[in-house]
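One structure below.
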Amino acid sequence: MLNEAKSVSCSCGMESSDENLFKKLDEILEEYKYKDGGLIPVLQIAQGLFGFLPEDVLRHIAKKMDKPYSEVAGVVGFYSFFSTQPRGDNVIRVCLGTACYVRGGKQVLDSIKKELSIDVGETTEDKAFSLEVARCFGACGLAPAIMINDDVHQRVKPARIKQILAPYYETQMEEA
């Protein structure tokens, strides 16, 4: 997965990575620009292509879909799925819904922040992890809960954070 769009300039006649991504995005925009409710699928696909939604991509989508930039940016800001910053390979979401909060979700969040040396909304320097807060995973009876990518971890204890993260570090090392 691309973590950020990179522009490569060379005199060999090859197009830059950004240009290729924008061409793919334009193909998607042609398919969705007149469909009711097409903005969200376009944003999801664009985030998949670029790894996140930088401002130039949002402006491009707004222009091609004939929508105000404020509408496009507003949708991105409303839905937590979308990110305007590069995300790590592993996205950690800590539930702070009522049940999780009452059962120690805040302490779990603090433990993760300490372990990774990042705050909510940030990504580790090695791009291995990003940290986010969520409101409910539907696992209230087994609170507190966190999600790492699509994996739900339940009854999480702050003292076990290093152990929970270990397999995700190992996956990073294998892919490197």
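Sequence positions in the sequence shown follow my numbering and run 1 to 176.
By construction, the Cβ of each residue, glycine as well, lies at the ideal position given by its N, Cα and C atoms.
Taking all protein chains shown into account, decide if residue 135 is buried (16 or more other Cβ within 10 angstroms of its Cβ) or exposed.
-> Under this definition residue 135 is an exposed residue.
Taking only runs of the alpha helix (DSSP H) that begin and end inside the segment 75–153, which ones reach a length of at least 4 residues, in chain order?
-> Complete alpha helix (DSSP H) runs here, min 4: 98–102 and 105–116.
Which residues in the same chain have their Cβ closer than 8 Å to the Cβ of residue 169, if we skip the five residues on either side of it in sequence?
-> Correct list, in chain order: 128.
How many Å lie between residue 125 and residue 70 at the Cα?
-> Cα to Cα, the separation comes out at about 31 Å.
May I ask which residues mark the beginning and end of the alpha helix (DSSP H) holding residue 32?
-> Note, residue 32: alpha helix (DSSP H), 17–32.
Inter-residue spacing [alpha-carbon to alpha-carbon] between residue 150 and residue 19 = One C-alpha to the other measures close to 31 Å.
Beta-carbon spacing of residue 130, residue 94 below 9 Å | For the 9 Å CB-CB criterion, residue 130 and residue 94 do not form a contact.
Contact check, residue 200 vs residue 146 under 8 Å by CB: the rounded distance?
-> The displayed coordinates of the chain run from 1 to 176. Any statement about residue 200 would go beyond what the structure contains.
How many angstroms separate the CA atom of residue 161 from the CA atom of residue 120?
-> The straight-line gap from Cα to Cα measures roughly 16 Å.
With distances taken between CB atoms, is the gap from residue 96 to residue 105 smaller than 9 Å?
-> A contact, by the Cβ cut-off of 9 Å.
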